[in-house]
């Protein structure tokens, strides 16, 4: 159970970030950015957990999640500049 504390904490942080992104509209842009950053922190923590336990197939999926999150952040900036 001790080895999964990082994994559970990262899932909690990613969930809070996702809820912030889903609940608030585009008018609350700063809260959406905070939610995306929390999700990014959670993904990096999950990446660290997978690296410790040498689960390399999951590391590839975490990098894909990070890339998708950066696309979301870029789309937020494009929407904010219009």
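Residue numbers (the numbering used here): 11 to 92.
No residue lacks a Cβ here, since even glycine has one placed at the ideal position from N, Cα and C.
Asked: Can you give me the start and stop residues for the alpha helix (DSSP H) that residue 91 sits inside?; Found: 66-91
Asked: Starting from the C-beta of residue 51, find all residues in its chain whose C-beta is less than 7 Å away, skip the five residues before and the five after it, and write them out in chain order.; Found: 23
Asked: Taking residue 46 as the reference, which of 91, 79 and 54 has the closest Cα?; Found: 79
Asked: For residue 59, count neighbouring Cβ atoms within 10 angstroms of its own Cβ and tell me buried if that reaches 16, exposed if not.; Found: buried
Asked: Which class does residue 39 belong to by DSSP, given the choice of helix, strand or coil?; Found: helix
Asked: Around the Cβ of residue 11, are there at least 16 other Cβ atoms within 10 angstroms (buried) or fewer (exposed)?; Found: Residue placement at residue 11 is flagged as unreliable, the pLDDT there being 49, under the threshold of 50; the coordinate-derived value follows with that caveat. That one is exposed.
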